[in-house]
DNA sequence: AAAACGGGGTC
DNA sequence: GACCCAGTTTT
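Numbering (the UniProt record's numbering), first residue to last: 1 to 390.
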């Protein structure tokens, strides 16, 4: 059984109680939106597609205009794509409009102009993914189909105390499983909308207004005192800054290019295979020269704050990194003269080509391979220089 | 798994 | 002005 941070087992809200509380709240508090109060599957499909990645207030006028211009799936299917795109203009994500148009034609061709009621059939329509299929099935047809969007994921993660990353595989699957398990027999569509409405108006991402929340009494996150701590969103795909790395590989099997870091830098005075920040203009000086010397033009993505040992390509702490660099330094010999570089504000003040020790061999070739491949360059390690092929 | 997709919002 | 938002398709 899963335990929370306090080592206790979170109580699972009884579905019946949750269903009653949410539906009751929804009936009383739901916003009056143009696509509410219709059961027309086409209207609901249209509104759901428009609402993908788009705020309610932005969608509102577009929805009303579309319903006037294209009142039926046939009208939409027969309209020229150019006109549909024109009417979509300003909503963004124009692929949605293309898929909507193609989907309408598909519905006319494959389903006689009627949207199917089953999730599986809906999923076959272009532009209808897991969320939209659940939305149309449940809202238009009251099929007991679950649905998960960003709001639902947040609300359910909080109520049920889901600690797993709701974007990742396990957490995502768990949210969908919960969403299905709590669906009422009746009014599945309203229940799904209640979850989304709660997320949109009460259970907001950063500062949920738990006061008026109809289900705070059965909410694990509320009980924890820090409801905003959930859901856990995995470290959002961190943008990976690009670094250019000049490497030893193309100097051949037995030689290594090293550069001495300037004294006032981190690891100052130590030698390392030069790694250069390509996003930094300063590297135009030393950097370009080092790259030319190494004969390598490749880029490798490096995560900010992460230290990758340039000799072994192992991830490590700063302390270990420093120790290993010192050790490499000692191995190479402090009396290596080193060709001095012109004064610049780059990171290095000297370069040297030295014999590659056996201790370096494996790590370096691994690193070289990786970096060169990242740069779109195929390598044949162990061969003489110049044999790297595209 | 991750990027691309387009606007608009917030901090 | 960078950062965040959130489904579907594509790679």
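We put the beta carbon where it would ideally sit given N, CA and C, even for glycine.
Next item on the list: Can you tell me which of 19, 51, 18 and 24 puts its alpha carbon nearest to the alpha carbon of residue 33?
Entry: 51
Note to self: Buried or exposed for residue 48, going by 16 or more other Cβ atoms inside 10 Å?
What the structure shows: buried
Checklist line | Local Cβ density within 10 Å of residue 68, reported as buried at 16 or more and exposed below that | finding: exposed
Margin query: Closest to residue 72 by C-alpha separation, out of 45, 195, 153 and 225, would be which residue?
Written below: 45
Notebook entry, point to check: Does the stretch 18–34 come within contact of the stretch 191–205, defined as at least 3 CB pairs closer than 8 angstroms?
Noted result: yes
Margin query: Residues in the same chain with beta-carbon distance under 6 angstroms from residue 134, minus the five sequence neighbours each way, listed in chain order, please.
Written below: 145, 146 and 147
Checklist line | Backbone secondary structure at residue 92 - three-state DSSP | finding: coil
Checklist line | Nearest candidate by alpha-carbon position, reference residue 55, set 140, 113, 162 and 151 | finding: 151
Check: Does the stretch 113–129 come close enough to the stretch 197–213 to have 3 or more Cβ pairs within less than 8 angstroms?
Finding: no
Check: In whole angstroms, what is the alpha-carbon distance linking residue 139 and residue 214?
Finding: 21 angstroms
Notebook entry, point to check: Shortest alpha-carbon distance to residue 79 belongs to which of 184, 97 and 226?
Noted result: 97
Next item on the list: Label residue 163 either buried or exposed according to how many other C-beta atoms from any shown protein chain fall within 10 Å of its C-beta, with 16 as the threshold for buried.
Entry: buried
Next item on the list: Go ahead and pull the three-state DSSP assignment for residue 25.
Entry: helix
Note to self: Tell me which residue opens and which closes the alpha helix (DSSP H) that residue 72 is part of.
What the structure shows: Neither: residue 72 is in no alpha helix (DSSP H) and is coded neither H nor E.
Notebook entry, point to check: Do you know whose CA, among 142, 217 and 38, lies nearest residue 188's CA?
Noted result: 142
Next item on the list: Within its chain, find whatever has a CB closer than 7 angstroms to the CB of residue 420; leave out the 5 residues flanking it on each side and keep chain order.
Entry: The first residue shown for the chain is 1 and the last is 390, placing residue 420 beyond what the model contains.
Note to self: Give the list of continuous alpha helix (DSSP H) stretches no shorter than 4 residues that lie fully inside the stretch 137–216.
What the structure shows: 150–160, 169–181 and 188–201
Checklist line | Classification of residue 19 by the beta-carbon crowding that lies within 10 angstroms, buried from 16 upward | finding: buried
Margin query: Can you find the residues in the same chain that come closer than 8 angstroms, C-beta to C-beta, to residue 63, ignoring five residues on each side of it along the sequence?
Written below: 34, 35, 46, 47 and 50
Next item on the list: Measure from the alpha carbon of residue 230 to the alpha carbon of each residue in 217, 161, 123 and 218, then state which is nearest.
Entry: 161
Checklist line | Three-state secondary structure assigned by DSSP to residue 223 | finding: helix
Check: Buried or exposed: residue 206, going by 16 or more other Cβ atoms within 10 Å of its Cβ?
Finding: exposed
Margin query: Can you find the residues in the same chain that come closer than 7 angstroms, C-beta to C-beta, to residue 179, ignoring five residues on each side of it along the sequence?
Written below: 146, 147, 148, 152 and 156
Note to self: Out of 169, 100, 91 and 226, which one is the CA nearest neighbour of residue 58?
What the structure shows: 91
Next item on the list: State the DSSP-derived secondary structure class of residue 228, mapped to helix, strand or coil.
Entry: helix
Notebook entry, point to check: How close, in whole Å, do the beta carbons of residue 158 and residue 219 come, if the pair is a contact with beta carbons under 8 angstroms?
Noted result: 6 angstroms
Notebook entry, point to check: Mapping DSSP to helix, strand and coil, what is residue 85?
Noted result: helix
Notebook entry, point to check: Hey, how far is the Cα of residue 170 from the Cα of residue 181?
Noted result: 16 angstroms
Item checked: Distance between residue 174 and residue 208 (C-alpha atoms, nearest Å) -> 22 angstroms
Margin query: Can you tell me where the alpha helix (DSSP H) holding residue 125 begins and where it ends?
Written below: Looking at the DSSP string, residue 125 is not in any alpha helix (DSSP H), and its letter there is neither H nor E.
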